[in-house]
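**Q** For the sequence shown, counting from 1, position 33 maps to 51 in our numbering; every step adds exactly one.
Okay, here's the structure, questions in a sec.
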Amino acid sequence: SKHKMDSEKAIVTEETIKIVNKAINNKKRVCAVGTTSMRAIESSVSSNGRLNEFDGWTNKFIFPPHDFSIANCMITNFHMPKSTLMMMAAAFAGYDFLMEAYEEAIKEKYKFYTYGDAMLII
């Protein structure tokens, strides 16, 4: 991609690794709470699909199509149109499904952006 993302500080602790990898081993859901968490997870995944410790900066740009490695659900806000955060949500949910959710949110007068309503994508 030609787009350059701003870097975000991310920390994935040993405690988090144990919890997440145990969930993966037991075939449980792993839910990323927010786009920063998703970027941290996707920046610290090993080649065998397990979470590794991470303490650093990530500028990972997640956009469709993207094969998510660990999280199989995500909680996120209704983001601004054409934003990189909306692109990540579209990569996770699928573009058409996300657009249907946005249409419903507009119809029902949900609040958008950082302090607005959120959605759980499964």
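Quick reminder that beta carbons are idealized off the backbone N, C-alpha and C, glycines included.
Span of the beta strand (DSSP E) holding T94?
**A** T94 -> beta strand (DSSP E) spans 91-95.
**Q** Assuming A50 contacts A111 (C-beta within less than 8 Å), just tell me the rounded distance between them.
**A** Contact doesn't hold; Cβ gap of about 12 Å is too wide.
**Q** Are the beta-carbon atoms belonging to F96 and Y133 less than 8 Å from one another?
**A** Contact: no.
**Q** One question on the structure: do I80 and R47 come within less than 8 Å of each other, judged by their Cβ atoms?
**A** Going by C-beta atoms, I80 is not nearer than 8 Å to R47.
**Q** How many Å lie between M92 and S61 at the Cα?
**A** Roughly 16 Å separates the two Cα atoms.
**Q** Rounded to whole angstroms, what is the Cα-Cα separation between K45 and E33?
**A** Their backbone Cα atoms lie some 18 Å apart in a straight line.
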